[in-house]
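Chains as they are written, first to last, in the working numbering: chain A, 27 to 277; chain S, 20 to 213.
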């Protein structure tokens, strides 16, 4: 495609109206075309005004849910070098190498971990990057703990799940792959099984079909874990039949 | 009358946003909470315009806000305002959510899409007193019909330019240039400088 043609795509690009292949091609062009980049900046700002014009008042629960979720999301490390006085936090938040993560998953979850990783590789690059960045250090610690033990199962909806428990950390992690997207307004919720009483242990990201999550809270006396479909935001107690009940591995 | 909606415009909240986002990037949850209050309404508005289904819209809006927390360090002041950075992310996620489903059923929606002016007019009934919206409405009226349809079908409906071309039965090249021409007019009318 000749440059003049590409240049007319600034509008479509800023409106996110380019099909995937052309989007990538145009971004390569952008790197070399300062005038296009400037126009795209202006158009993106203009599109933002179209967005502002349809602003609504969000429901209060949305904020509660978001604030709860971010507590478990690892942040990207700053790219800009030399932010004054931030050396410590910079090191703390260095993003996890996804290969290190894969190694941990494989070691902790056996072949199941490898399968999860291969599944992830099939996802697009952005998802993969996000995936790796989302893993908290705690999750990695559980998966890599010397006493980590894994139990694998197949959920009622056909997904495979691996439950990893590390009693030395008093924590557990759940690795799912091939999870169907939950129906609109629903989310997968995890539970600790305290002798038949289900204790909330966090939500799975509804947008992901493959995910490793740290169960929220301590294992304590729990003998295993359950997973159910709940309304968005989760429930204090299960409101549907479990998709799977898994016991922590004991040997 | 629906609930009043406060304007968290590009100008009104601008002074604090880059600093807030900077603190968010350093893991400050309080700063994130303040940033949320400013951007969540516009984010949900954009997502809802594109995704339509209220429950799915909230899910996507959630993802967007979590992504803001997660990727705050990637923001570059020199590339534009914080609100715009967030709204670009929101629109991208919303479009990603609907695009595959929409392509499969584009034909079914064809009549519905053409029947009415996209999202904008519907929403206008609810929030028609807002200054920002008035400005955008006024400026949209300065566009030719084809420019306006091209821009709004893409932005508020999440259609690709190819889908817009098919829907309006005009050549691909025409849609591309109308999107660009439409945005140039909007940019100039709204006084956008970037």
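Glycine included, C-beta positions come from ideal geometry on N, C-alpha and C.
Host beta strand (DSSP E) of residue i (start-end)
i: residue 58/S; result: Per DSSP, residue 58/S belongs to no beta strand (DSSP E); it is in the alpha helix (DSSP H), 48-70.
i: residue 175/A; result: 175-180
i: residue 223/A; result: 223-229
i: residue 192/A; result: 186-192
i: residue 197/A; result: 197-203
For residue i, three-class secondary structure by DSSP
i: residue 273/A; result: strand
i: residue 37/A; result: helix
i: residue 247/A; result: coil
i: residue 218/A; result: strand
i: residue 121/A; result: In this prediction, residue 121/A has a pLDDT of 38, which is less than 50 and means its spatial position is unreliable; what the coordinates show is noted afterwards. In the structure shown, residue 121/A sits in coil (DSSP, three-state: anything other than H, G, I, E or B).
i: residue 238/A; result: strand
i: residue 84/A; result: coil
i: residue 211/S; result: coil
i: residue 45/A; result: coil
i: residue 104/A; result: coil
i: residue 108/S; result: helix
i: residue 117/S; result: helix
i: residue 255/A; result: strand
i: residue 170/S; result: helix
i: residue 213/A; result: strand
i: residue 161/S; result: coil
i: residue 103/S; result: helix
i: residue 180/S; result: helix
i: residue 75/A; result: helix
i: residue 95/S; result: coil
i: residue 62/A; result: helix
i: residue 170/A; result: helix
i: residue 92/A; result: helix
i: residue 192/S; result: helix
i: residue 260/A; result: coil
i: residue 265/A; result: coil
7 Å CB neighbourhood of residue i in its chain, flanking five on each side removed
i: residue 52/A; result: 32, 35, 39, 44
i: residue 228/A; result: 216, 239, 241, 242
i: residue 62/A; result: 33, 36, 55, 56
i: residue 173/S; result: 180, 183, 198
i: residue 99/S; result: 213
i: residue 190/S; result: 184
i: residue 208/S; result: 158, 161
i: residue 55/S; result: 84
i: residue 40/S; result: 54, 91, 94, 101
i: residue 69/A; result: 36, 37, 40
Chain-order list of residues whose beta-carbon lies under 6 Å from that of residue i (same chain, five-residue window excluded)
i: residue 55/A; result: 32
i: residue 166/S; result: 197, 200, 201
i: residue 210/A; result: none
i: residue 49/A; result: none
N- and C-terminal bounds of the alpha helix (DSSP H) containing residue i
i: residue 74/S; result: 73-90
i: residue 99/A; result: Here residue 99/A belongs to no alpha helix (DSSP H), and DSSP marks it neither H nor E.
i: residue 37/S; result: 36-44
Residue i: contacting residues in chain A (beta-carbon distance under 9 Å)
i: residue 161/S; result: Those within 9 Å of residue 161/S in chain A number zero; the least Cβ separation is about 13 Å.
i: residue 188/S; result: Those do not exist, as residue 188/S stays about 17 Å from chain A at its closest Cβ, beyond 9 Å.
i: residue 48/S; result: 93, 96, 97
i: residue 117/S; result: None at all; the shortest Cβ gap to chain A is about 11 Å.
i: residue 67/S; result: 80, 82
Interface residues of chain A facing residue i [CB-CB closer than 7 Å]
i: residue 82/S; result: 233
i: residue 37/S; result: Going along chain A, no residue has its Cβ under 7 Å from residue 37/S, so there is no contact; the nearest lies around 13 Å.
i: residue 85/S; result: 92, 95, 96, 99
i: residue 164/S; result: Those do not exist, as residue 164/S stays about 16 Å from chain A at its closest Cβ, beyond 7 Å.
Amino acids of chain S, ordered along the chain, whose beta-carbon sits closer than 7 Å to that of residue i
i: residue 35/A; result: 195
i: residue 260/A; result: Going along chain S, no residue has its Cβ under 7 Å from residue 260/A, so there is no contact; the nearest lies around 12 Å.
i: residue 173/A; result: Those within 7 Å of residue 173/A in chain S number zero; the least Cβ separation is about 30 Å.
i: residue 71/A; result: 99, 103, 211, 213
i: residue 256/A; result: Within chain S, no residue comes near residue 256/A; the closest Cβ sits about 13 Å away, beyond 7 Å.
i: residue 226/A; result: Going along chain S, no residue has its Cβ under 7 Å from residue 226/A, so there is no contact; the nearest lies around 18 Å.
i: residue 103/A; result: 92
Contacts around residue i, its chain only, beta-carbon distance under 8 Å, and the 5 residues preceding and following it disregarded
i: residue 204/A; result: 145, 184, 185, 186, 235, 236
i: residue 247/A; result: 220, 221
i: residue 204/S; result: 158, 161, 162, 166
i: residue 72/A; result: 40
i: residue 172/A; result: 194
i: residue 65/S; result: 106, 109, 110, 113
Interface partners of residue i on chain A, CB under 8 Å
i: residue 185/S; result: Under the 8 Å cutoff, chain A gives no residues; its nearest Cβ is about 12 Å from residue 185/S.
i: residue 157/S; result: Here the premise fails: no neighbours, minimum Cβ distance about 11 Å.
i: residue 106/S; result: 73, 74, 77, 78
i: residue 181/S; result: 45
i: residue 168/S; result: None at all; the shortest Cβ gap to chain A is about 12 Å.
i: residue 53/S; result: Neighbours of residue 53/S on chain A: none; closest Cβ ~11 Å, over 8 Å.
Proximal chain S residues relative to residue i, where beta-carbon distance stays under 8 Å
i: residue 239/A; result: Going along chain S, no residue has its Cβ under 8 Å from residue 239/A, so there is no contact; the nearest lies around 13 Å.
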